Amino acid sequence: MTAWIVISLAGLGSYLFRISMVLLAERITLPDKVERASAFMAPAAFAALAATGIAASTAGSDITQAVPLLAAVAVAVIAVRHTGRPYLAVVAGMPTLWLLTVAVGA
Amino acid sequence: METAYALAAQQRRDPMVRLFAAGARAMVPWLAGIVPFGLVIGVSAARADIPAAAGWLTGPAIYAGSAQIATIEMLDDGAAPAVIVATALIINLRLVLYSGAIAAYWRGTPRWWRITAAYLLVDPSFVVGMDGYQRHDQRDLGHRYYLGGAVVLWLAWLAAIGVGVTLGAQLPSALRLELIVPLYMVGQVVGRLGDRATRRAAMTAAVVAVIALAAPLHLGILLAIIMGLGAALKVKEGSQ
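Chains A and B, in that order, give the protein sequences.
If you're matching positions, the first sequence starts at 54 in this note's numbering and goes up one per residue.
If you're matching positions, the second sequence starts at 770 in this note's numbering and goes up one per residue.
As structure tokens, this is what we get:
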């Protein structure tokens, strides 16, 4: 019974977080600073999530796993910078990761 | 007359269907990394000392992977219910920021829309949705784009957890598919580094996220986002 209640409460709270500003924005005006900051929300959130994912994967792995990953990130950055196409980060990065993983492990 | 009306309705509908499909397609790169994560959550729920159905319920109820994992693990460990709920909510604090960022685009929409759309708000749907709103001047088109991505994500997420719970499947760990999502986000960040303030936001957030990797309760991501926003505003105000 405890598990059901805990999961339901965590779910309810998470939903209230999701809808909080959506409902409040009708009744209150966010400060200018917050409105201006929202323009930078996406790049800040993407960068934080990407850095966390990459750092967590490298921190817990040995050099044979870390080097291919860091090289894949570098290739992804170069590919997007040169072409301006964000999806190439995955298209170029994952094969680099696989190839180097095989090469380093061999 | 009726034919003309049907034709006009069809023409109005088409861009909506097209945008819904475009949003769904934009979610596809996320699914390759997210589905294995959903399977992992399902498997961990199946192995934990809780009812399998309760483990699966974390999907539709909490609907955020990190908080779901934390909830399942802590329930399995026998942690105090209040601590488990508090931990899940702290991990999900970033949803308030997402809510604040996307609220401007939902202003003036019917209440049912906001209630439904907010339920589907999580990292990937936020990313895809914001991209859609920034690409399309008409809000209606942005809504469809958001909904297309969010619905596909929701269905795939619940299906993946269900498969994990039911089968306890083995993940193809050698492919390291979990790294598709960080790489995808690298692409999104690099593609947006147009002005100095945005670069500062991204760089600060990335550095703080790495430094705060060991921060308790997954607070590092929230802290990194706030610091990134602060750094960008400082640059913006300095240039005015």
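Here a beta-carbon is modelled for each residue, glycine too, at the ideal position from N, C-alpha and C.
Just so we're clear, the structure is a prediction, and the values are computed from it rather than from any experiment.
Spatial distance of B:I810 from B:A823 (CA atoms): 12 Å
Does chain B have any CB closer than 9 Å to the CB of A:I116? no
Going straight from the alpha carbon of B:V950 to that of B:W881, what length do you get? 31 Å
Classification of B:L936 by the beta-carbon crowding that lies within 10 angstroms, buried from 16 upward: exposed
For B:L866, which residues in chain A fall below 7 Å Cβ to Cβ? M94
CB-CB under 6 Å to B:Q837, same chain, minus the five flanking residues each way: which ones, in chain order? I810, T827 and I831
Residue closest to A:T55, alpha-carbon to alpha-carbon, out of B:A978, B:I995 and B:M843: Out of B:A978, B:I995 and B:M843, B:M843 has the C-alpha closest to the C-alpha of A:T55.
Under 7 Å by beta carbon: chain B residues contacting A:G146: Identification of chain B residues near A:G146 by a Cβ-Cβ cut-off of 7 Å yields L952, ordered along the chain.
Interface partners of A:G113 on chain B, CB under 9 Å: Chain B residues near A:G113: none, gap ~10 Å exceeds 9 Å.
Closer than 7 Å by C-beta to B:M770: which residues in its own chain qualify, once you throw out the five before and the five after it? Chain order, please. In this prediction, B:M770 scores a pLDDT of 49, lower than 50, which makes its location untrustworthy; no coordinate-derived value is stated.
Strictly under 9 Å for the Cβ-Cβ distance: is B:W875 near chain A by that measure? yes
Could you check what DSSP says for B:Q780 in three-state terms: helix, strand or coil? A caution first: B:Q780 carries a pLDDT of 49, below 50, which makes its placement in the model unreliable, though a value can still be read off. It is helical.
Under DSSP, the alpha helix (DSSP H) around A:S114 begins and ends at which residues? Looking at the DSSP string, A:S114 is not in any alpha helix (DSSP H), and its letter there is neither H nor E.
I'd like to know if the stretch 88 to 105 of chain A and the stretch 907 to 914 of chain B are in contact, where contact means that at least 3 CB-CB pairs between them fall below 8 Å. no
Report the residue from B:T878, B:Y874 and B:R908 whose alpha carbon sits nearest the alpha carbon of B:L788. With distances taken between Cα atoms, B:L788 lies closest to B:R908.
Pick from B:N861, B:A971, B:A833 and B:V979: whose alpha carbon is nearest that of A:A110? The sequence as given places Ser at residue 110 of chain A; Ala does not occur at that position. For the residues B:N861, B:A971, B:A833 and B:V979, the minimum Cα distance to A:S110 belongs to B:V979.
Just reading off the alpha helix (DSSP H) that B:L982 is part of, what are its end residues? Annotation for B:L982: no alpha helix (DSSP H) segment contains it, and DSSP assigns it neither H nor E.
Below-9 Å beta-carbon distance, A:A125 vs any chain B residue: yes
Given that B:T827 touches chain A, what residues does it touch there, using C-beta distances under 9 Å? I60, A63 and G64
Going by alpha carbons, who is nearest to A:L65 out of B:V786, B:A857 and B:W799? When B:V786, B:A857 and B:W799 are compared, the shortest CA-CA separation from A:L65 is found for B:A857.
Buried or exposed by the 16-neighbour rule on C-beta atoms within 10 Å, applied to B:Q780: Reliability fails at B:Q780, whose pLDDT of 49 lies under 50, so the model's placement of it is uncertain and no value is given.
I want to know whether the stretch 110 to 120 of chain A touches the stretch 956 to 973 of chain B - three or more CB-CB distances under 8 Å. no
Within chain A, the residues that B:L844 reaches when beta carbons sit closer than 9 Å: T55, A56, V59 and I60
Can you tell which of B:A801, B:V958 and B:G877 has its C-alpha closest to the C-alpha of A:L77? B:G877
Who are the near neighbours of B:A839 in its chain, counting only those whose CB is closer than 7 Å to its CB and skipping five residues on each side? T856, A857 and I860
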